[in-house]
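> Have a look at this one.
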Amino acid sequence: MKFTKSQMKQLINDNKELQIRLKELMEEHQLEKNFALKALYHTEVAEGGKYQLAYQVLDSPKG
Numbered sequence: 001m002k003f004t005k006s007q008m009k010q011l012i013n014d015n016k017e018l019q020i021r022l023k024e025l026m027e028e029h030q031l032e033k034n035f036a037l038k039a040l041y042h043t044e045v046a047e048g049g050k051y052q053l054a055y056q057v058l059d060s061p062k063g
């Protein structure tokens, strides 16, 4: 599984908790949105994170 910016944005748009977490990361660490997205991916999605399954669903081919 790899980081895809568009999928991460979709996951965040679909989840209020992740929206809040993204804003907190940006403010707390003074990060630009792109860096905060990557940080959120590594903490909440990658390697068994809380939102890994939801992210994988976005990654699956449609059809």
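Here the sequence shown stands for residues 1 to 63, numbered as in our numbering.
Just so you know, even glycine gets a beta-carbon here, dropped at the ideal spot from N, CA and C.
Owing to the predicted nature of the structure, the values given are computational and were not obtained by experimental measurement.
Assuming M8 and Q56 form a contact by the criterion Cβ under 8 Å, report the distance between their Cβ atoms to the nearest whole angstrom.
Not really, about 12 Å apart at Cβ, beyond 8 Å.
> Using 10 angstroms around the beta-carbon of E24, count the other beta-carbons present and answer buried if the total reaches 16, otherwise exposed.
E24 comes out exposed.
> State the DSSP-derived secondary structure class of L37, mapped to helix, strand or coil.
Helix at L37.
> Check each candidate in T4, L18, N13 and name the one with the smallest Cα separation from K50.
Closest option to K50, Cα to Cα, is L18.
> Going by beta-carbon coordinates alone, are A36 and L22 separated by less than 7 Å?
Cβ atoms of A36 and L22: closer than 7 Å.
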